[in-house]
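Student: With positions in the first sequence counted from 1, the corresponding number in the working numbering is that position plus 20.
Just so you know, even glycine gets a beta-carbon here, dropped at the ideal spot from N, CA and C.
Fair warning: this is a prediction, and the values are worked out from it, not measured in the lab.
Here it is, the structure in full.
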Amino acid sequence: MSEFITKTKRTHYCGDLTAANLGEQVVLMGWVHRRRDLGSLVFIDLRDREGLVQIVFNPETNVHAHSEAGKLKYEYVVAVTGRVVNRPENMINRALKTGEIEVEATDIEILNESKTLPFMIESETEVSESILLKHRYLDLRNARLRNNLMLRSKVALETRKHLASQGFIEVETPFLTKSTPEGARDYLVPSRVAKGSFFALPQSPQIFKQLLMISGFDRYFQIVKCFRDEDLRADRQPEFTQIDMEMSFICEEDLLKTMERLMAHIFNAGIGIEIPLPIPRMTYKEAIDNYGKDNPDTRFAMKLKDLSSIFRNSDFRVFAEAVKSGNAVKAIRIEKGASFSRKDLDELAAFVKNCGAQGIAWAKIEEGRWNSSIAKFLKIDEMNSIAESMGAGAGDTLIFIADKPSVVNESLGNLRIHLAKKLNLIKPDMFAFTWVTDFPMFEYSETEGRYVAMHHPFTSPKIEDLAFLENEPGKIRARAYDLVLNGSEIGGGSIRIHKQDVQSRVFRALSMTEEEAKIKFGFLLEALEYGAPPHGGIAFGFDRLIMIMTGAPSIRDVIAFPKTQKAACLMSEAPSPVDESQLEELALKIRQPV
RNA sequence: GGGGUCGUAGUUAAGUCGGUUAUAACGCCGGCCUGUCACGCCGGAGGCCGUGGGUUCGAGUCCCAUCGACCCCGCCA
Numbered sequence: 021m022s023e024f025i026t027k028t029k030r031t032h033y034c035g036d037l038t039a040a041n042l043g044e045q046v047v048l049m050g051w052v053h054r055r056r057d058l059g060s061l062v063f064i065d066l067r068d069r070e071g072l073v074q075i076v077f078n079p080e081t082n083v084h085a086h087s088e089a090g091k092l093k094y095e096y097v098v099a100v101t102g103r104v105v106n107r108p109e110n111m112i113n114r115a116l117k118t119g120e121i122e123v124e125a126t127d128i129e130i131l132n133e134s135k136t137l138p139f140m141i142e143s144e145t146e147v148s149e150s151i152l153l154k155h156r157y158l159d160l161r162n163a164r165l166r167n168n169l170m171l172r173s174k175v176a177l178e179t180r181k182h183l184a185s186q187g188f189i190e191v192e193t194p195f196l197t198k199s200t201p202e203g204a205r206d207y208l209v210p211s212r213v214a215k216g217s218f219f220a221l222p223q224s225p226q227i228f229k230q231l232l233m234i235s236g237f238d239r240y241f242q243i244v245k246c247f248r249d250e251d252l253r254a255d256r257q258p259e260f261t262q263i264d265m266e267m268s269f270i271c272e273e274d275l276l277k278t279m280e281r282l283m284a285h286i287f288n289a290g291i292g293i294e295i296p297l298p299i300p301r302m303t304y305k306e307a308i309d310n311y312g313k314d315n316p317d318t319r320f321a322m323k324l325k326d327l328s329s330i331f332r333n334s335d336f337r338v339f340a341e342a343v344k345s346g347n348a349v350k351a352i353r354i355e356k357g358a359s360f361s362r363k364d365l366d367e368l369a370a371f372v373k374n375c376g377a378q379g380i381a382w383a384k385i386e387e388g389r390w391n392s393s394i395a396k397f398l399k400i401d402e403m404n405s406i407a408e409s410m411g412a413g414a415g416d417t418l419i420f421i422a423d424k425p426s427v428v429n430e431s432l433g434n435l436r437i438h439l440a441k442k443l444n445l446i447k448p449d450m451f452a453f454t455w456v457t458d459f460p461m462f463e464y465s466e467t468e469g470r471y472v473a474m475h476h477p478f479t480s481p482k483i484e485d486l487a488f489l490e491n492e493p494g495k496i497r498a499r500a501y502d503l504v505l506n507g508s509e510i511g512g513g514s515i516r517i518h519k520q521d522v523q524s525r526v527f528r529a530l531s532m533t534e535e536e537a538k539i540k541f542g543f544l545l546e547a548l549e550y551g552a553p554p555h556g557g558i559a560f561g562f563d564r565l566i567m568i569m570t571g572a573p574s575i576r577d578v579i580a581f582p583k584t585q586k587a588a589c590l591m592s593e594a595p596s597p598v599d600e601s602q603l604e605e606l607a608l609k610i611r612q613p614v
């Protein structure tokens with residue numbers, strides 16, 4: 021057994037040493053990050069979770085330590101004793117937090133060796149992500165990932181502290197729960213006891229937190245894993261974490277205010293950013309009209325403009341007829357976009373085609389004329405009124421899309437984001453929050469041939485819209501709200517239905533029979549009949565919040581052990597086949613995939 | 001399900017028009033070096049060119065299929 025571990029004990033973390041420790045005897049434990057062996061003088065950068073410090077092994081200080089240091093290789097685990105000394109003036113390393121000092125080693129023990137690594141820790145060259153993921157425990161030695169996870173821990177702690185101070189109670193809800201076919205695809209867990217029946221992992225603790233309100237807990241929160249078996253994206257994992265909350269006896273205003281204070285607290289405590297309150301709000305309609313999306317990125321302008329009324333009576337028959345048949349023509353202005361080549365414009369057209377649009381029309385505004393695919397169809401005063409409503413001048417380029425309104429908004433909204441990235445319009449270190457309110461209650465699903473809940477079926481309709489419930493469900497606005505940060509939906513919630521009769525009417529509007537509703541949500545409907553208080557809540561995507569706070573480009577950078585785009589773990593090789601005996605116990609049989 | 005980018009020593013890349021022994025840097029192994037900090041210098045080893053098939057006298061290079069990583073659309077109440 022190592023004397024270092026049993027008797028000597030670590031005195032400091034490497035990264036915490038400063039000039040304030042000068043002259044102190046210290047004991048450090050960590051990994052050999054870099055070594056510079058000059059023969060009779062050996063330097064190593066010793067690393068632990070707090071950072072790096074340079075250790076110098078000089079035979080004149082200690083012969084044994086120096087000869088041991090000669091054996092060191094990358095990522096060996098060592099314990100070192102030594103004295104904190106000043107570096108010679110011209111040897112100070114400003115790039116290193118501990119760069120003013122170094123530790124003169126008097127003893128060292130190699131606690132463990134390391135094989136040659138598949139990649140260097142904090143390598144200068146970018147290693148392919150599949151290799152990093154296969155050895156995730158090594159990639160996590162990288163300061164960038166370590167710092168992300170340390171901030172994640174800090175923000176979780178600050179969330180708990182703040183919510184506790186506001187009277188929220190943390191309650192755990194089940195992971196093995198009931199499948200609800202509304203919403204995302206469920207992850208299923210077979211029951212051994214009830215063969216042929218399945219649990220589902222929760223997409224969110226939605227119903228349970230409402231039941232806790234009915235139980236009288238008044239204010240609930242939980243930092244909790246949720247599971248959705250849908251395709252992945254840079255900001256989507258099959259299992260992810262929410263800050264989930266619910267409050268009783270409140271209206272929208274109370275909830276939004278409470279949440280703004282939470283956001284302000286965690287941004288301040290986490291990364292020292294002051295968020296100006298109140299957070300601005302816009303309605304769903306305003307978001308779609310101006311940004312084409314319900315998660316508008318308000319860090320830059322380039323708003324969508326509706327030009328349908330100008331094109332309605334123009335000689336440009338393609339657009340005029342589109343408008344007359346109920347389609348829309350909208351455009352965005354690329355400031356100083358005149359430098360766009362034909363190839364650039366073709367690339368934009370390919371981009372919008374991938375979003376479902378037919379293509380684009382474009383116009384480069386030049387002094388006194390338009391260089392444009394559509395100029396020959398337009399009168400001078402039409403061009404002028406387009407330029408005027410777009411705020412366009414010489415040197416700008418306009419991009420037009422004509423299609424069904426939903427396609428125009430989606431494709432142009434996505435193009436807006438695409439262009440902002442391409443043109444570097446987004447300033448780093450900006451945090452643009454927006455509440456989006458007044459969502460539609462329902463949207464019509466072509467694939468299902470019925471209305472589906474836009475938020476979820478427990479969302480309360482606006483009282484003044486209730487009359488439309490049976491005949492014009494598409495008109496109803498919900499008491500729902502999303503919090504959007506930098507174009508990312510980081511949270512969403514609603515005031516819930518707390519009256520059983522309203523809940524039943526909403527289920528009917530979703531083409532759910534009384535029988536079906538009872539089978540799927542009977543326990544909630546029944547609970548609503550025993551004194552359910554008015555209540556509402558919200559859930560924040562914790563991973564996405566940390567992504568934005570750390571500036572991480574991928575959600576994988578803020579999760580310790582993430583999954584690939586095919587929802588696999590390259591390290592553990594999950595998912596994997598199981599023994600026949602395990603299947604038998606569950607009365608399951610695998611049908612060979614075609 | 002659809003669109004796109006990529007896959008060559010342990011790692012990152014180069015590899016011309018299909019033609020001799022597949023090249024470099026970092027890492028690895030051996031040696032030298034008392035102020036380095038991506039230390040430096042000298043020498044060496046290291047390859048199923050993702051996998052399978054095809055075209056060809058000849059394939060890292062051309063064709064087809066397939067697997068994997070990433071980005072986007074659909075999907076994600």
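Terminal residues of the continuous beta strand (DSSP E) containing Gln74?
Tutor: Taking the first sequence and counting its residues from 1, the one referred to as residue 74 is at position 54. Taken as a continuous stretch (DSSP letters only), the beta strand (DSSP E) holding Gln74 covers 71 to 77.
Student: On the three-state DSSP scale, how would you describe Asn434?
Tutor: As a working mapping, residue 434 is identified with position 414 in the first sequence. Three-state DSSP puts Asn434 in a helix.
Student: Looking only at its chain, what residues have a beta carbon closer than 8 Å to the beta carbon of Val76, apart from the 5 residues adjacent to it on each side?
Tutor: As a working mapping, residue 76 is identified with position 56 in the first sequence. Taken in chain order, the residues that qualify are Leu61, Val62, Phe63, Glu122, Val123, Glu124, Ala125.
Student: For Leu439, does the count of other Cβ atoms within 10 angstroms reach 16, so buried, or fall short, so exposed?
Tutor: Counting from one through the first sequence, the residue named residue 439 turns up at place 419. Leu439 counts as buried, since at least 16 other C-beta atoms from the protein chains shown sit within 10 angstroms of its C-beta.
Student: Alpha carbon to alpha carbon, how far is Glu178 from Ser224?
Tutor: Taking the first sequence and counting its residues from 1, one reaches residue 178 at position 158. Taking the first sequence and counting its residues from 1, one reaches residue 224 at position 204. Their Cα atoms are separated by approximately 22 Å.
Student: Could you check which residue in Val52, Tyr94, Thr101, Asn82 has the C-alpha nearest to that of Gln45?
Tutor: Taking the first sequence and counting its residues from 1, one reaches residue 45 at position 25. Comparing Cα positions, the closest option is Thr101.
Student: What number of angstroms, rounded off, separates the C-alpha of Leu608 from the C-alpha of Ala537?
Tutor: Locating residue 608 in the first sequence gives position 588, counting from the first residue. Locating residue 537 in the first sequence gives position 517, counting from the first residue. Between Leu608 and Ala537, the C-alpha separation is close to 28 Å.
Student: Under 8 Å by Cβ, that's how I've got Gln226 and Phe527 pegged, so tell me the actual separation to the nearest angstrom.
Tutor: Taking the first residue of the first sequence as 1, we reach residue 226 at position 206. Taking the first residue of the first sequence as 1, we reach residue 527 at position 507. In fact, because the Cβ distance is near 15 Å, the residues do not count as touching under 8 Å.
Student: Note the first and the last residue of the continuous beta strand (DSSP E) segment covering Arg156.
Tutor: If you number the first sequence from 1, residue 156 lands on position 136. From DSSP, Arg156 is part of no beta strand (DSSP E) but of the alpha helix (DSSP H) over 156 to 159.
Student: Quick one: give me the first and last residue of the beta strand (DSSP E) that Gln262 is part of.
Tutor: The sequence position of residue 262 within the first sequence is 242, counting from 1. Gln262 -> beta strand (DSSP E) spans 259 to 268.
Student: Under three-state DSSP, which class holds Gln242?
Tutor: Position 222 of the first sequence, counted from the first residue, corresponds to residue 242. Here Gln242 carries a strand assignment [DSSP, helix/strand/coil].
Student: To the nearest angstrom, report how far apart Ala40 and Thr31 are at their CA atoms.
Tutor: Position 20 of the first sequence, counting from 1, holds the residue named residue 40. Position 11 of the first sequence, counting from 1, holds the residue named residue 31. Cα-Cα distance, rounded: 14 Å.
Student: For a test of the three-state rule: what should DSSP assign to Asn347, helix, strand or coil?
Tutor: Locating residue 347 in the first sequence gives position 327, counting from the first residue. If DSSP states are grouped into helix, strand and coil, Asn347 belongs with coil.
Student: Taking the alpha-carbon of Leu153 as reference, which of Glu402, Pro597, Ala587, Glu604 has the nearest alpha-carbon?
Tutor: For the purposes of this step, residue 153 is identified with residue 133 of the first sequence, where counting begins at 1. Closest by alpha carbon: Ala587.
Student: Using alpha carbons as the reference points, say which of Glu129, Ser465, Leu324 lies closest to Ser22.
Tutor: On the first sequence, position 2 is the one that residue 22 refers to. Closest by alpha carbon: Glu129.
Student: What are the residues that DSSP puts in a beta bridge with Gly236?
Tutor: Mapped onto the first sequence, residue 236 falls at position 216. Answer by DSSP bridge pairing: none, since Gly236 is not bridged.
Student: Return the CA-CA distance between Ile263 and Ala358, expressed in angstroms with no decimal places.
Tutor: Locating residue 263 in the first sequence gives position 243, where the first residue counts as 1. Locating residue 358 in the first sequence gives position 338, where the first residue counts as 1. Straight-line Cα distance between these residues: approximately 45 Å.
Student: Decide if Asp65 is buried, meaning its Cβ has at least 16 other Cβ atoms within 10 Å, or exposed.
Tutor: Locating residue 65 in the first sequence gives position 45, where the first residue counts as 1. Counting the other CB atoms within 10 Å of its CB gives Asp65 a total of 16 or more, which places it among the buried residues.
Student: Exposed or buried, His518, counting other C-beta atoms within 10 Å across all chains shown (16 or more means buried)?
Tutor: In the first sequence, residue 518 corresponds to position 498, counting from 1. So His518 counts as buried.
Student: Measure from the alpha carbon of Asp309 to the alpha carbon of each residue in Phe219, Ala99, Leu432, Arg525, then state which is nearest.
Tutor: What you label residue 309 is simply residue 289 of the first sequence in a count that begins at 1. Checking every option, the nearest Cα to that of Asp309 belongs to Leu432.
Student: Between which residues of its own chain and Arg470 is the CB-CB distance below 8 Å, once the five residues before and five after are set aside?
Tutor: Counting from one through the first sequence, the residue named residue 470 turns up at place 450. Answer for Arg470: Tyr464, Leu530, Ser531, listed in chain order.
Student: Quickly, what does DSSP pair Val123 with across the bridge? List them, please.
Tutor: On the first sequence, position 103 is the one that residue 123 refers to. Ile75, Val104, per the DSSP bridge assignment.
Student: Which two residues bound the contiguous beta strand (DSSP E) that contains Glu593?
Tutor: As a first step, residue 593 is located in the first sequence; it is residue number 573 there, counting from the start. Counting along the chain, Glu593 falls outside any beta strand (DSSP E), and DSSP gives it neither H nor E.
Student: In three-state DSSP terms, what is Arg16?
Tutor: Here the chain has residues from 21 to 614 only, and residue 16 is not among them.
Student: Among the residues of its own chain, which have a CB less than 6 Å from the CB of Ala377, if the five just before and after it don't count?
Tutor: On the first sequence, residue 377 is found 357 positions in, with the first residue counted as 1. Same-chain partners within the cutoff: Ile421, Asp423, Val427, Ser431.
Student: Around the C-beta of Phe543, are 16 or more other C-beta atoms found within 10 angstroms, so that it is buried, or is it exposed?
Tutor: The residue you call residue 543 lines up with position 523 of the first sequence. By the neighbour-count rule (16 or more Cβ atoms within 10 Å), Phe543 is not buried but exposed.
Student: Is any non-hydrogen atom of the ligand ATP found closer than 7 Å to the C-beta of Lys344, if you look at the structure I gave you?
Tutor: Only the bare structure without any ligand can be found here, which leaves the ligand ATP out of the picture.
Student: Could you have a look at Cys615 and say whether DSSP puts it in helix, strand or coil?
Tutor: Not covered by the structure: residue 615. The range shown for the chain is 21 to 614.
Student: Note down the Cα distance separating Arg239 from Met170, rounded to an integer number of angstroms.
Tutor: Residue 239 sits at position 219 when you count from the first residue of the first sequence. Residue 170 sits at position 150 when you count from the first residue of the first sequence. Rounded to whole angstroms, Arg239 to Met170 spans 28 Å at the Cα level.
Student: So Ile568 packs on Leu505, CB below 8 Å; how close in whole Å?
Tutor: Mapped onto the first sequence, residue 568 falls at position 548. Mapped onto the first sequence, residue 505 falls at position 485. Sure, about 6 Å apart at Cβ, within 8 Å.
Student: Just how far apart, CA to CA, sit Glu202 and Lys442?
Tutor: Residue numbering aside, residue 202 sits at position 182 when the first sequence is read from its first letter. Residue numbering aside, residue 442 sits at position 422 when the first sequence is read from its first letter. Their backbone Cα atoms lie some 37 Å apart in a straight line.
Student: By how many angstroms is the C-alpha of Arg69 removed from the C-alpha of Tyr96?
Tutor: Within the first sequence, residue 96 is the residue found at index 76, counting from 1. Within the first sequence, residue 69 is the residue found at index 49, counting from 1. Taken atom to atom, the span from the alpha-carbon of Tyr96 to that of Arg69 is near 15 Å.
Student: What is the DSSP secondary structure of Ala254, reduced to helix, strand or coil?
Tutor: Within the first sequence, numbered from 1, the residue matching residue 254 stands at position 234. Three-state DSSP puts Ala254 in coil, outside helix and strand.
Student: Assuming Ile610 and Glu272 are in contact, meaning their beta carbons sit under 8 Å apart, how far apart are those beta carbons, in whole angstroms?
Tutor: Walking along the first sequence from the start, residue 610 turns up at place 590. Walking along the first sequence from the start, residue 272 turns up at place 252. Actually they are not in contact, since the Cβ atoms of Ile610 and Glu272 sit about 49 Å apart, beyond 8 Å.
Student: Of the choices Glu280, Ile330, Ala289, whose alpha-carbon is the least far from that of Pro296?
Tutor: Your numbering for residue 296 matches position 276 in the first sequence. Ranking Glu280, Ile330, Ala289 by Cα distance to Pro296 puts Glu280 first.
Student: Look up Asn391 in the DSSP assignment and say whether it is helix, strand or coil.
Tutor: Position 371 of the first sequence holds residue 391. Note: Asn391 maps to strand in three-state DSSP.
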